[in-house]
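Read the structure below first, then the notes.
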Amino acid sequence: MDNIALKASGINKYFHDPVTMQVLRDINMEVHKGEFVSIIGKSGCGKSTLLYVLSTMDTDYEGTLTINGTNTTGLSLNQLAHLRNESIGFVFQFHYLLPDFTCLKNVMIPALRLGKYSYAEVEQRAYEKLKMFGVEDQALKKAGKLSGGQQQRVAIARALINDPAIIMGDEPTGNLDSKNTGIVFDLFRQLTVEYKQTLITVTHDEDFARRSDRIIEMADGQIRR
Amino acid sequence: MKFNVNTEIALTYLTSRKKQTLVAAAGVMFGISMFIFMQSLMKGTNDYFEKMSFTNTPHIRLFSENKVADNHMLRTFLNDASEKILINPKQLQQSQGLTNPYGIVAQLRRNKEISGITPQVTGNVIYTSGSVELPGNIAGVDIEEENLMFDVQGNMVAGSLHDLNRVQNSILIGKGIADKLSLHVGDNITVRAGNGNLVIMRVVGIFATTVRSVDDTKSYANIARVQSIIGKDRSYVTEIKINLKDYNRANIVAREIETITGYKAEDWIKANEQLKAGFKVRAVILNSVIGVILLVAGFGIYNILNMTIYEKIKEIAILKAQGFSGRAVTSIFLQQAVFIGILGGIVGLTLGFSLTYMVSRIYIGAGSLKYLPMSFYIPHYLEALMFGILTTIAAGYFPARKASKVDPVTIIRG
Ligand SMILES: Nc1ncnc2c1ncn2[C@@H]1O[C@H](COP(=O)(O)OP(=O)(O)O)[C@@H](O)[C@H]1O
Ligand SMILES: [Mg+2]
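Going line by line, the protein sequences match chains A and B. For the first sequence, our numbering begins at 12 and goes up steadily by one. For the second sequence, our numbering begins at 94 and goes up steadily by one.
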């Protein structure tokens, strides 16, 4: 029980626009602490949708979701926001930085929101995260001025800033070359081993998936294996 | 700089859109400075007219009023207790004067709220010089007391009011009388009272108020002299004029005096009802104008924040995905509104003051009105700031609430 980072049972989800269709069908899954899980499947099979449900951002589903032993189904939006802030790091499919802020600020903002560390400490930690992904020289540039690959690495750094128990990524290496994909993979691997952080990533990169601990294959809104 | 993260985000949004921020702040600035300017102008003119009205009217006038005959009088007269029916009752001529006026004056002087008090005798007279006759009225006063209360000196255009006590049988006349009868200081004027008494008096001074009807009819003489001209004894006084330390309490004090003396005490508000009506009308006009200005400023902020939210909707979704609660998002956008309000407010206060000051230096030179009367009244500035900030918060609240309701998944999914 206390070894389980995330547990989803009987998740069903529907879209009603333009016509009612079921996107997720009876999803049951468990992810252990420190596990590195890849979700693969054809485009449109519901991977992103599942990830949004698992991240607690999407609350419009049937079934129950438990994160670190807390049943999140039915929590208020404010409670979920706090839970995400503290325990979940999310890397979006299209990096999504705040373009008016510097890269450093982008990484700092979730930590400033959490308020666990002082401003100076947050700045220091944000700088270290940027360094891990080799973008520390871009720290003081406006996020909008970076290349796609650089933005993606800043976005990953941002997802790690609060040392979240679970890191979720929607094709986090989609924009990176093989060298940087390698760096990110090794880092993710290190986080799971050294800090027992849990990783759930949607990926199209077969090699990336194969090297992770477990592959969840989806098809047509269901888990194949 | 160390801010709360919401504040930091709010400030970054404001500074990354400088032009819109400045336009919105300019709206607030305009609203607040106009608020201050117009309030200052209105209070200034109102105060001026109020003060002007006090150069002729005392805060309270005490006199004896004619009464309609009633049963009580009849019973007293007949000395019985029978019930009579009065048909067509008439106004009764009271003796017009006040009984024991100097006793009343002495008693009222003890009242701490009263700053000045002086008795007066008024009589209708006809001024004559050569073959020209002019109707008017003569006020018998203690000129030094009168001067303390109504600044007669400030209206003098020729001669000296103090000569009224020094020169026997002397008179101060209004400028209208002097012009019509072509009289100068040192000339003689014939004054005829209603009872036929005829006296020749020496003009020792000429005064000009801003009120034409006063200048054309009024004259001052010693109270004792007027009493004798109209054929009354030394205890005859037609009215007692009273000034207060705080003229806004006139109606309260007037009622007290009425119960103490039993005579009619009329406060200046009753005597100047059209002045007060004018104040009210002006206040309505002014408040409508200010309301419209603040409304426009409010719409400016509302619009600009709405646009920001429309543009930043993706970023709001990201913030929420990262754990910013609805309340945090509301605070980010409300703070933007408040910063715009404070920026516009501070500049607006300064501008409002400068505008008021500049206009107060404009020379008018009409009568005793040399410069435009502007008041510099601190509560106006506080009110302006309060209204400005309330407007911005109200205008910012709705866009901010809209932002807080953004559903992150819908936006991020695209
Ligand atoms: N907002 C939406 N309304 C209706 N259908 C949607 C919406 N978002 C996604 N879908 C549909 O749901 C299915 C799953 O989408 P998604 O989870 O994005 O797939 P994946 O990430 O695996 O490519 C797709 O068929 C997509 O067309
Ligand atoms: Mg997807």
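In this text, a Cβ means the ideal position worked out from N, Cα and C, and glycines have one as well.
Within the stretch 133–198 of chain A, note down every full alpha helix (DSSP H) run reaching 4 residues or more, in order along the chain. 159–171
Leaving out five residues on either side along the sequence, give the residues of the same chain with a beta carbon under 6 Å from the beta carbon of B/ILE340. Going by the sequence as given, residue 340 of chain B is Tyr instead of Ile. Excluding positions up to five away in sequence, the list reads HIS152.
I'd like the list of long-range same chain contacts for B/PRO492, defined as Cβ closer than 7 Å, with 5 residues on each side in sequence excluded. TYR395, LEU398, ASN399, ILE402 and PHE426
Quick one: does the C-beta of B/ARG506 sit closer than 7 Å to a heavy atom of ligand 1? yes
Three-state secondary structure (DSSP) at A/LEU86? coil
Using a Cβ-Cβ cutoff of 9 Å, what residues of the stretch 404–429 of chain B are near chain A? List them in chain order. LYS405, LYS407, GLU408, ALA410, ILE411, LEU412, LYS413, ALA414, GLN415, GLY416, PHE417, SER418, GLY419, ARG420 and ALA421
Using the beta-carbon count (16 or more within 10 Å), is A/ALA230 buried or exposed? With a threshold of 16 other beta carbon atoms within 10 Å, A/ALA230 falls short and is exposed.
Mind checking if B/ILE386 is an interface residue toward chain A, Cβ cutoff 8 Å exclusive? Not closer than 8 Å to any Cβ of chain A, the Cβ of B/ILE386 fails to qualify, so no.
From what residue to what residue does the beta strand (DSSP E) around B/PRO212 run? 207–222
For B/SER312, three-class secondary structure by DSSP: Here B/SER312 sits in strand by DSSP.
Counting along the chain, where does the alpha helix (DSSP H) carrying B/MET479 start and finish? 471–497
Which of helix, strand or coil DSSP assigns to A/PRO121: helix
Residue-level contact to chain A via CB, B/MET431, 8 Å cutoff: The amino acid occupying residue 431 of chain B in the given sequence is Val; Met does not appear at that position. Taking Cβ atoms only, chain A never reaches closer than 8 Å to B/VAL431, which makes this a no.
Within the continuous alpha helix (DSSP H) that includes B/ASP272, where are the two ends? 268–273
Rounded distance between the beta-carbons of A/LEU171 and A/LYS190, thought under 8 Å: Not a contact, Cβ separation roughly 20 Å.
How about A/SER49: is its Cβ closer than 7 Å to a heavy atom in ligand 1? no
Mind pulling the chain A residues with CB within less than 8 Å of B/VAL499? Within 8 Å Cβ-Cβ: nothing; B/VAL499 doesn't reach chain A, min ~11 Å.
What's the gap between the Cα of A/ILE211 and the Cα of B/LEU104? 35 Å
With DSSP run on the structure shown, which of helix, strand or coil describes B/ALA358? strand
Can you say whether B/GLU404 is buried or exposed, counting buried as having 16 or more other CB atoms within 10 angstroms of its CB? Exposed, by the Cβ-count rule.
Please state the DSSP three-state secondary structure of B/HIS277. Three-state result, B/HIS277: coil.
For ligand 1, is there a heavy atom less than 7 Å away from the beta-carbon of A/ASP28? The answer is yes for A/ASP28.
Answer yes or no: do B/ALA414 and B/PRO501 have a C-beta to C-beta separation smaller than 8 Å? yes
B/MET122 - DSSP class collapsed to helix/strand/coil: helix
Applying a beta-carbon distance threshold of less than 7 Å, which residues of chain A neighbour B/THR105? ASP111 and PHE112
Does the stretch 39–48 of chain A come close enough to the stretch 212–229 of chain A that 3 or more CB-CB pairs lie under 8 Å? yes
Would you say A/ILE120 lies against chain B (beta-carbon separation less than 8 Å)? yes
For A/VAL34, verify whether its CB is less than 7 Å away from any heavy atom of ligand 1. yes
Taking 8 Å as the threshold (beta carbon to beta carbon), is A/ASN96 in contact with chain B? yes
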